[in-house]
Amino acid sequence: MDNAPELDDYGMPIEPDAFQAPARPEPGVLAEQSLARRKDGRIKLRGLAKSIDDFTGGDPGQIQALIDEVEAAATKVIETGSPLTRKLVQHTKNAYEVAVKFLSGDSCTDPWVYQAVKEYSIRFIELRARVAKGKGGGLVKAETVLGWYSCLLICIVKYTYDPDTGFKVGGKLLYKEQLASDLLDHVKNVTTTLKLDRHSARNKKTCGLPEARIMIEHLIRTSCDRGRLPRLQLIAVNIICLACGIRPSSLCAGSPEDKADGKYMKMGDIQLWNRGQFAIDVELNVENLKGHNSTVLGRSMNIWLRALTKSHNIIFDTFWIVSYIWARGCLAAYPELPDLLTTKDAQLVITSPDEPFLCTPNQGATKLLNTPWSAKGLSGAMSGLGRDCRLEGVTMYAYRRGFAQKMAMAIGHTEASMAMGHKDGESVLSRHYSNGAGNYNLLGIMVGEATDQYRPGAETALQMRVRVGTAVTMLSKVIAQSTRIDDSDDEDSEPEVEVDEVVDADEELQELKRSLAHHWTLYLDTFGRGSPLYAVADGYKKTKISIILKITSHKLYTEAAKDQEFLAQAKKAENALREVNERYQKCSQGVLKRGKIEAKDKLDKKRAKETKASIQDTDAALGYLKETPELLNEASKKASAASLAPSAPRPSGSKTSTSASKIEAEKAIQDLSRDEEEDDQGEVTEVYKELGKFKPNNLAGKKHGEAFQEAMDGTPDEPEGEWKDKDEPERIPLASAYDMRVSLATLALDPILFQREMEAQIKADGGKILCQKCRLYCEEGEEPHNFKTLSSLKRHMWQQHTEWSELIPKMECGDCFMCPGSCGSKQQFDSIEKVYKHCLSDDCPDNEAFKMMETQHNLNHDKRYKEQKKYEQEGGNARARTVHDKKYLQYLRGLTEDDLLELADIYEVPRERVQPHIPLMLRNLHFLAES
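FYI, the UniProt record's numbering numbers position 444 of the sequence shown as 444, with every residue one higher than the one before it.
What follows is the structure, encoded as structure tokens:
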């Protein structure tokens, strides 16, 4: 062994006399010798070595931390694909495992071994296609089965393994053994065998100008007293969807991971370019197109929304987006509305670029929370908006389909594909050297202002389907239905949606309801029957579990809770009550939802069977949609009134046409704009039918109303007739485009400004919530009522300060009173009652307008009275009942013999029959009152 030859670096023996090459230096030594050195002898670092040194500063601790961070990142398992795709794949994996367990009779212990996948994957497709239910309750569509197939392929590649070697063999199984091809064949076979619907685009709705108009008017009409900012946000979404058909996930976060990573549109992705006279172009940089998660560089596109120029199109203008951004406080350079309306800045700089463009609304959609909205939430809100307007099936993708159809006909398929952000419409030119879709006036093309960009024959093609559009179909059915109801004497011609029947028939829910009542009794029994605490707690309405908070915060409960034994018993009963209540609420929500769906389906089937639109109904719907929107008419009146002498009040129902069909259409569309959600407090939510009632001084005095007037006076008018097209039918002359923008922007922002003015006034009043309009009726030194909440003040103002009641200050004329209308001081009276009587008489030229004010005032008060009586009949709250009981007992104490005899007269009971019993009755009543 000692004589064994020495081996070289390659394992070969070295001959003793062989030439010995010099030893190779170590790589680090060679690199160090080749590096340049500074004058002080230190090595001059370059490239990655210098970057590492700069990052760590040569600190050993920083170097080790960097190494650990790299190691952790390198060993991390990367999940590819979008979060939604991963979710669908996980659902498919779970479903496959359940199917294997069912088909094998629990004999297969591991569903992802090679043999199990080969045996059960095809059976899984066949099983799931037969038992799964679609959205409508029947079988799923062929497209859904094809989606299962795609997700199953991913699962097979990812999870299938050989139990002997442990190696992944999914790819080999799919393609070498042709399992993928066999699976696809069975997908085709199951589609044919089960007769699945292969046409996914059938009966899908499209959205365009008519639908957008209906939804915008609905959003304005239903937010006069609350929720204007969330509605203004939805209007901005409607304008963007109309102009570019954008996906929900490009505006909002598609998943919680996207929200955490900031993958949603921010205010900084928007730029505002001013062309003068409040005509502001909106540039959108969409960074989160479909597929952005699966690419390194991401996918983005530029969209340019050019401000419109014609007055009759202003309802679709970009000023809604600008107004929304300003209301969010992201244009801090323009603190007051007149500053925004009259600015001459070329660019309006957004001062909060990191804020999300769309924020999550709170429950009830009365305000916006400072959190990014999810794509699912936005889609649900748009679908709900469509249902509120009876535009069934209208979603954000309905806008996308409408945009795709119109763009393909107007400018061509290639350009339309590029405008929609499709991959096949993208090229090196559009990606790196051109603005792509940003070079097209998309909004102008959609509303018909940029017809110069249309292809030959496009205008004819666009008219092909106008009679079967979503809005036209809906309106024609509503007109037909309203006509049928007017002509029919049958009270049940419009069936009620009876959800209670489904609720009462559900045994599980009724059992939980009884259990909940029993646990309320057990909870109250822990207080001791007959005790003062029991009497207080029993007085509350037990309709909500939150009543427990009022009970536990009561001073009697706080005193009793010092006894630990009592507290332990009460807490145990409370926890049991909360657990039962949680099960009851969950079950109740499901049953109510099911009941609404069943009742709605029943109602829709009956409507479809009994109501068929005629040609005249369709013509009436088309005629209504061709008319100038009522929102624009009212805005034009407001703009004209701001620049000219104020005219006499005008009835809101006056129209330019007296056609019966058009009146039916207008009535039908106004009925769609009623807010059906009313709170338990009886808050008035009846909307104004005349949008002129949104004027600033109707809400909050003259502060921003005067500023608005100054802005209007200080801006030059546009040339008359700019908006009018040669081929258009004669319309009511509208104000200029600028005046219309200013009027509509003021109208839209008025409730928001009102809210801010009220909050500022509350701060000025030292935190007191006082009604400023009531100050006019207070004596010197007297203070109006101090409300507990801002909502109570708003409710008071909408209920009490109607236009009819607010005529009183306008009647004052020295020592007498005058007509508040055009008569003025020519008609003077000695009392307010006589003035009101004159206003309703034929002697006053404005009597029609005053009659409408009185009717609205009376309806308002009748509604309040009915709601208050209903509230009292239901028991009210404990405090209200206590006050009522005290007043009642006080009344009993003060009863006399004469009072009882008068009651006998009222009920037509002879006094001689009552007289002998009066002393005993009085003694008993006084005893009850004192006890």
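Glycine is no exception: its CB is placed at the ideal position from the N, C-alpha and C atoms.
Excluding sequence positions up to five away, which residues of its chain have a Cβ less than 6 angstroms from the Cβ of residue i?
i: valine 835; result: Met811, Phe817, Phe829
i: tryptophan 520; result: Lys542
i: serine 825; result: Cys813, Met818
i: valine 70; result: none
i: glutamate 912; result: none
i: cysteine 151; result: Leu88, Val89, Thr92
i: aspartate 490; result: Unreliable positioning characterises aspartate 490 in this predicted model, as indicated by a pLDDT of 46, which lies under 50. The coordinate reading is nonetheless provided below. Nothing listed; no residue qualifies.
i: methionine 853; result: Glu803, Trp804
i: threonine 658; result: Only weak support exists for where threonine 658 lies, its pLDDT of 38 falling under 50; the coordinates are left without a value.
For residue i, collect the residues of the same chain with a Cβ closer than 7 angstroms to its Cβ; drop the 5 residues on either side in sequence, then sort them by chain order.
i: proline 248; result: Ala375, Leu378, Ser379, Met396
i: histidine 186; result: Ile122, Ile125, Glu126
i: aspartate 679; result: Here aspartate 679 scores only 37 on pLDDT, less than 50, and its place in the model is too uncertain to base an answer on.
i: aspartate 162; result: Tyr114, Val169
i: glycine 436; result: Met301, Asn302, Met418, Ser430
i: arginine 128; result: Ala95, Ala99, Trp148
i: proline 919; result: none
i: serine 323; result: Leu232, Ala745, Ala748, Leu749
i: leucine 153; result: Leu174, Ala180
Tell me whether the beta-carbon of residue i lies closer than 7 angstroms to the beta-carbon of residue j.
i: isoleucine 270; j: alanine 307; result: no
i: alanine 327; j: leucine 179; result: no
i: tyrosine 534; j: proline 372; result: no
i: serine 515; j: valine 580; result: yes
i: phenylalanine 278; j: arginine 741; result: yes
i: threonine 56; j: isoleucine 63; result: yes
i: serine 476; j: alanine 613; result: yes
i: threonine 85; j: cysteine 155; result: no
i: methionine 409; j: alanine 461; result: yes
Taking the alpha-carbon of residue i as reference, which of the options has the nearest alpha-carbon?
i: histidine 142; options: Lys188, Ile154, Tyr159; result: Per the sequence shown, residue 142 should be read as alanine rather than histidine. Nearest C-alpha to alanine 142: Lys188.
i: glutamate 783; options: Cys771, Lys406, Leu793; result: Cys771
i: aspartate 525; options: Glu574, Gln510, Glu501; result: Glu574
i: histidine 926; options: Leu903, Leu84, Leu889; result: Leu889
i: leucine 744; options: Leu341, Arg299, Thr144, Lys204; result: Leu341
i: lysine 863; options: His518, Gln799, Ser82; result: Gln799
i: isoleucine 314; options: Met267, Met215, Leu922, Ala737; result: Ala737
i: glutamine 510; options: Arg529, Tyr540, Gly539, Gln585; result: Gln585
i: tryptophan 112; options: Gly438, Glu449, Glu97, Lys763; result: Glu97
i: cysteine 389; options: Cys207, Lys513, Leu337; result: Cys207
i: glutamate 508; options: Gln453, Leu522, Arg583; result: Arg583
i: residue 932; options: Gln463, Thr460, Arg86, Ile411; result: Not covered by the structure: residue 932. The range shown for the chain is 1 to 931.
i: proline 83; options: Leu922, Leu895, Pro256, Glu392; result: Pro256
i: alanine 381; options: Leu234, Leu549, Val591; result: Leu234
i: histidine 312; options: Asp739, Phe787, Lys886, Cys823; result: Asp739
i: methionine 215; options: Lys513, Pro456, Ser383; result: Ser383
i: leucine 512; options: Pro629, Gly105, Pro916, Ala576; result: Ala576
i: threonine 802; options: Thr896, Thr855, Ala253, Leu219; result: Thr855
i: methionine 474; options: Ala517, Arg387, Lys572, Leu522; result: Arg387
i: aspartate 765; options: Asn786, Asp538, Pro751; result: Asn786
i: alanine 236; options: Ile325, Trp273, Lys172, Phe167; result: Ile325
Excluding five sequence neighbours on each side, which residues of the same chain lie with their C-beta closer than 8 angstroms to the C-beta of residue i?
i: leucine 305; result: Ile239, Ile240, Ala243, Cys244, Asp281, Val282, Glu283, Leu284, Thr318, Ile321, Leu442, Leu443
i: lysine 605; result: none
i: proline 820; result: Leu807, Lys810, Met811, Val835, Cys839
i: phenylalanine 357; result: Leu251, Tyr264, Met265, Lys266, Met267, Asp269, Ile270
i: glutamine 761; result: Leu770, Gln772
Compare the C-beta of residue i against all C-beta atoms of chain D and say whether one is closer than 7 angstroms.
i: histidine 796; result: Any reference to chain D falls outside this structure, which holds one protein chain only.
Can you confirm whether the stretch 120 to 138 touches the stretch 190 to 197 when touching is taken to mean that 3 or more C-beta pairs between the two stretches lie within less than 8 angstroms?
yes
Indicate whether the contact test is met: 3 or more Cβ pairs, each with one atom in the stretch 354 to 364 and one in the stretch 431 to 450, closer than 8 angstroms.
no
Three-pair Cβ contact test at 8 angstroms for the stretch 332 to 342 versus the stretch 258 to 267
no
Evaluate contact between the stretch 338 to 352 and the stretch 768 to 780, counting only Cβ atoms and requiring at least three cross-stretch pairs below 8 angstroms.
no
Contact between the stretch 237 to 257 and the stretch 205 to 212 (3+ Cβ pairs under 8 angstroms):
yes
Runs of alpha helix (DSSP H) wholly within the stretch 750 to 820 (minimum 4 residues, chain order)
790 to 800, 808 to 811
Which parts of the stretch 149 to 229 are runs of the alpha helix (DSSP H), unbroken and 4 residues or longer, counting only runs that do not cross its ends?
179 to 193, 209 to 221
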